[in-house]
Amino acid sequence: MPSPPPAAAEPSELIEALRQADSPMGLLLATRRLAEACHPGAAPSLVEVLGFNNPGAAVAAVDGLIALGEQAVEPLLDNLDGHNYGARAWAVRALAGIGDVRGLELLESALACDIGPSVRRAAARGLGQLRLNALPLDQQASVRQRCLDALLAGGGDGEWVVRYAVAVALEHLLLSIDRAQPGHHSGLRALQQLAAETGEDTPVVRLRSELALARLAGQTEH
Amino acid sequence: MAADAEPIDPSPAAGAPIDEVEALRRLSQSEDLSAQYYAAWWLGRMRSQNPEALRLLCQALGQRQPRQAEAGVEANAVARNAARALGKLGQAGAIPHLLQALDDPDDGLREAAARSLGELRASAAVEPLCSRLASGPTVAGAPQPKSSRLQEPCEAMLEALGDIGRSEAQVLAVIESFVTHERPLIHSAACRALLQLTGDSRWGEQLLALLEHPQLQVRRAALMDLGAAGWRPALEPIRRTLAENSLKLMALRGLVENGDSAAGAGAARLDDDTTALLAVMDDLL
């Protein structure tokens with residue numbers, strides 16, 4: 001990828017354009033432009049867009065925040081909207097996409113007790129894809145164990161979409177946990193339960209869990 | 223289908239969690255209407271298989287009460303909730319009672335009854351639903367005076383006809399007359415039913431066009447309708463449309479569970495087509 005042209009000192013013009021947007025489409029386009037600028041100063045404004053009840057603009061803002069990576073983590077953690085679960089869902093989705101370990105506690109508590117199913121869903125997904133390579137090995141193991149514990153509990157969520165996300169996250173997480181570890185076995189058992197008609201009444205969740213098990217089995221053959 | 227971004231159960235307002243015995247007790251008393259209202263919802267949500275649940279809900283279907291606008295209580299709130307719950311129990315014993323509710327003067331109750339008859343795949347409802355809709359978009363589909371509601375709850379009735387699955391020519395003719403209804407949600411419901419009943423892709427194409435409608439509420443409805451029909455060519459347009467991921471995920475679940483490959487064996491299998499669908503769902507989480 002070619003390196004971006006040197007950005008202006010502050011993306012103030014683009015932020016101003018965002019503030020002036022007076023239609024859903026105008027907001028979407030202004031958000032896209034601000035996101036594409038990929039400037040750390042844009043993060044707080046992009047976080048603000050998550051609360052505007054404009055799904056198109058929110059998608060663009062999430063993409064922009066994920067592209068900013070760890071620079072967006074603090075603005076996201078500092079500005080979580082306790083009153084708007086739609087906004088929280090997008091914010092948690094951005095944190096999940098960034099995969100920064102500073103989001104761990106938030107993801108754990110969101111999956112365990114947020115009232116919005118879309119927030120719990122995004123949190124589950126995020127717990128399967130934290131980027132841990134920069135951490136010392138013993139810390140990696142303890143973070144993975146915390147993710148696993150949170151996901152095992154999330155497998156009992158009342159909403160199908162949260163259990164679906166748990167299945168997806170377990171697949172990712174188990175790929176990075178050694179088969180000899182006890183955690184690997186408990187993860188597999190949870191997936192088997194989500195794949196069985198006796199344990200899971202939503203067909204699409206069973207199918208996704210079955211797919212996860214097949215992929216994990218395929219991986220162990222190599 | 224009209225769709226909220228995300229349904230959240232009313233449980234926090236209703237106090238401590240209850241069990242089936244308690245729900246049946248609350249439904250069988252009649253002093254506290256809000257306790258009855260909650261109990262009816264609870265029994266449906268839990269898909270109670272207790273025979274007492276069926277009996278008490280059918281009884282509650284006969285309960286009438288005025289609307290209390292200031293308290294946010296709809297007319298016949300208990301009866302409407304009972305009608306909704308009866309659709310979820312999956313018991314044919316509820317059908318005669320729901321058919322009776324289809325003749326009630328309260329259009330909100332008719333709406334709930336129609337939806338539940340659709341969920342129960344009640345063939346006996348096809349004729350009464352068609353006769354209520356037969357006057358077409360200009361009569362059955364005309365707005366009530368000083369209200370945004372229509373004479374008949376057309377959306378629920380059209381969807382019920384699609385769910386029940388009887389595709390005789392006269393049924394299709396009634397539904398087709400609503401394709402030109404001026405309200406996009408009714409248009410969407412008619413296309414959904416026709417797509418379910420005929421599999422003809424021209425109805426699917428019309429729903430795809432609604433996925434690009436300027437109003438979010440219409441795009442949400444088209445998403446739900448494509449999901450209900452399980453029309454798999456909609457995968458990519460669903461992925462791209464500007465709506466909440468929750469709604470897209472619900473629609474894609476419909477494509478997996480109601481789609482073509484699901485029809486054969488009675489359950490969807492992990493073929494390439496389904497695996498591709500699941501990959502799109504993963505990206506939306």
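One line per chain: the protein sequences are A and B, in this order.
So the first sequence is numbered by my numbering: it starts at 1 and just counts up by one.
So the second sequence is numbered by my numbering: it starts at 223 and just counts up by one.
Idealized CB from N, CA, C, for every residue including glycine.
Nothing here was measured: the structure is a model prediction, and the numbers come from that model.
Exercise for the section: Could you tell me which of A:Arg144, A:Glu70, A:Trp160 and A:Asp63 sits nearest to A:Asp201, measuring between CA atoms? Expected result: Position 201 of the first sequence holds residue 201 of chain A. It is A:Trp160 whose Cα lies nearest to the Cα of A:Asp201.
Exercise for the section: Assign A:Cys113 to one of two classes, buried (16 or more other C-beta atoms within 10 Å of its C-beta) or exposed (fewer than that). Expected result: One-based indexing of the first sequence puts residue 113 of chain A at position 113. Flag for A:Cys113 reads exposed.
Problem - Within chain A, partners of B:Leu464 - CB distance below 7 Å - result: Along the second sequence, read from residue 1 onward, the residue named residue 464 of chain B stands at position 242. The answer, in chain order, is Pro55 and Gly56.
Problem - C-beta neighbour in chain B for A:Leu18, strict 8 Å - result: Here residue 18 of chain A corresponds to residue number 18 of the first sequence, with the count starting at 1. Chain B, which has no Cβ nearer than 8 Å to the Cβ of A:Leu18, makes this no.
Problem - Simplified DSSP state of B:Val361, which is helix, strand or coil - result: Within the second sequence, the letter at position 139 stands for residue 361 of chain B. Here B:Val361 sits in coil by DSSP.
Exercise for the section: Tell me where the alpha helix (DSSP H) around B:Ala411 begins and ends. Expected result: The sequence position of residue 411 of chain B within the second sequence is 189, counting from 1. Element bounds for B:Ala411: Pro406 to Thr420.
Handout entry: Backbone secondary structure at B:Leu372 - three-state DSSP
Key = For the purposes of this step, residue 372 of chain B is taken as the residue at position 150 of the second sequence. Residue state, collapsed to three classes: strand.
Handout entry: Chain-ordered residues of the stretch 141 to 168 of chain A with a beta carbon less than 9 Å from chain B
Key = Here the close residues are Gly158, Trp160, Val161, Tyr164, Ala165 and Val168.
Exercise for the section: With 8 Å as the threshold, decide whether the Cβ of A:Tyr32 is near any Cβ in chain B. Expected result: Position 32 of the first sequence, counted from the start, is the residue given in the question as residue 32 of chain A. One detail in the question is off: residue 32 of chain A reads as Arg in this sequence, not Tyr. For A:Arg32, the answer is no, since every Cβ of chain B falls outside 8 Å of its Cβ.
Practice task
Excluding the 5 residues preceding and the 5 following A:Leu127 in the sequence, name in chain order all residues of the same chain whose CB lies nearer than 6 Å to its CB.
Solution key: Position 127 of the first sequence, counted from the first residue, corresponds to residue 127 of chain A. Setting aside the 5 residues that flank it on each side, A:Leu127 is surrounded in the same chain by Leu107, Cys147, Ala150, Leu151 and Ala169, each with a C-beta closer than 6 Å to its C-beta; the list follows chain order.
Practice task
Please confirm whether A:Leu95 and A:Leu76 have their CB atoms less than 8 Å apart.
Solution key: The residue labelled residue 95 of chain A in the question sits at position 95 within the first sequence. The residue labelled residue 76 of chain A in the question sits at position 76 within the first sequence. Contact flag set, yes.
Problem - Backbone CA spacing between A:Leu27 and A:Asn79 [nearest angstrom] - result: In the first sequence, the residue the question calls residue 27 of chain A occupies position 27. In the first sequence, the residue the question calls residue 79 of chain A occupies position 79. So the two alpha carbons sit approximately 20 Å from each other.
Exercise for the section: Could you tell me whether the Cβ atoms of A:Ala58 and A:Leu50 are closer together than 8 Å? Expected result: Taking the first sequence and counting its residues from 1, the one referred to as residue 58 of chain A is at position 58. Taking the first sequence and counting its residues from 1, the one referred to as residue 50 of chain A is at position 50. For A:Ala58 and A:Leu50, yes; Cβs fall inside 8 Å.
Exercise for the section: Below 7 Å CB to CB, which residues in the same chain sit around A:Gln71 once its five sequence neighbours on both sides are set aside? Expected result: Indexing the first sequence from 1 puts residue 71 of chain A at position 71. Contacts found: Pro40 and Ala43.
Exercise for the section: To the nearest angstrom, report how far apart B:Ala485 and B:Pro273 are at their CA atoms. Expected result: Working through the second sequence from its first residue, we reach residue 485 of chain B at position 263. Working through the second sequence from its first residue, we reach residue 273 of chain B at position 51. With a pLDDT of 49 at B:Ala485, under the threshold of 50, the modelled position of that residue is not reliable, and no figure is offered here.
Problem - C-beta contact flag for B:Leu477 and B:Gly452 at 8 Å - result: Within the second sequence, residue 477 of chain B is the residue found at index 255, counting from 1. Within the second sequence, residue 452 of chain B is the residue found at index 230, counting from 1. At the C-beta level, B:Leu477 and B:Gly452 come within 8 Å of one another.
Handout entry: Residue-level contact to chain C via CB, B:Glu479, 8 Å cutoff
Key = Absent from the structure: chain C. Protein chains present are A and B.
Exercise for the section: Please go through the same chain and pick out, in chain order, the residues whose beta-carbon is closer than 6 Å to the beta-carbon of B:Cys376, but skip the five residues on each side of it. Expected result: Mapped onto the second sequence, residue 376 of chain B falls at position 154. Within the same chain, B:Cys376 has close Cβ partners Gly363 and Ile408.
Exercise for the section: Hey, could you find the ends of the alpha helix (DSSP H) B:Asn272 is sitting in? Expected result: Position 50 of the second sequence, counting from 1, holds the residue named residue 272 of chain B. B:Asn272 -> no alpha helix (DSSP H), and no H or E assigned at all.
Handout entry: Cβ-Cβ distance between B:Leu507 and A:Arg102 below 8 Å
Key = Here residue 507 of chain B refers to the residue found at position 285 of the second sequence. Here residue 102 of chain A refers to the residue found at position 102 of the first sequence. No, they are not a contact pair.
Practice task
Assign A:Asp138 to one of two classes, buried (16 or more other C-beta atoms within 10 Å of its C-beta) or exposed (fewer than that).
Solution key: As a working mapping, residue 138 of chain A is identified with position 138 in the first sequence. With fewer than 16 Cβ atoms within 10 Å of its Cβ, A:Asp138 is classed as exposed.
Practice task
Evaluate B:Asp385 with the Cβ neighbour count: other Cβ atoms within 10 Å of its Cβ, from every protein chain shown; 16 or more gives buried, anything less gives exposed.
Solution key: Within the second sequence, numbered from 1, the residue matching residue 385 of chain B stands at position 163. By the neighbour-count rule (16 or more Cβ atoms within 10 Å), B:Asp385 is buried.
Handout entry: Contacts that A:Ala217 makes with chain B (C-beta to C-beta distance below 8 Å)
Key = Position 217 of the first sequence, counting from 1, holds the residue named residue 217 of chain A. Within chain B, no residue comes near A:Ala217; the closest Cβ sits about 13 Å away, beyond 8 Å.
Handout entry: Cβ-based burial, B:Thr420 [other Cβ within 10 Å; buried from 16]
Key = The sequence position of residue 420 of chain B within the second sequence is 198, counting from 1. Exposed, by the Cβ-count rule.
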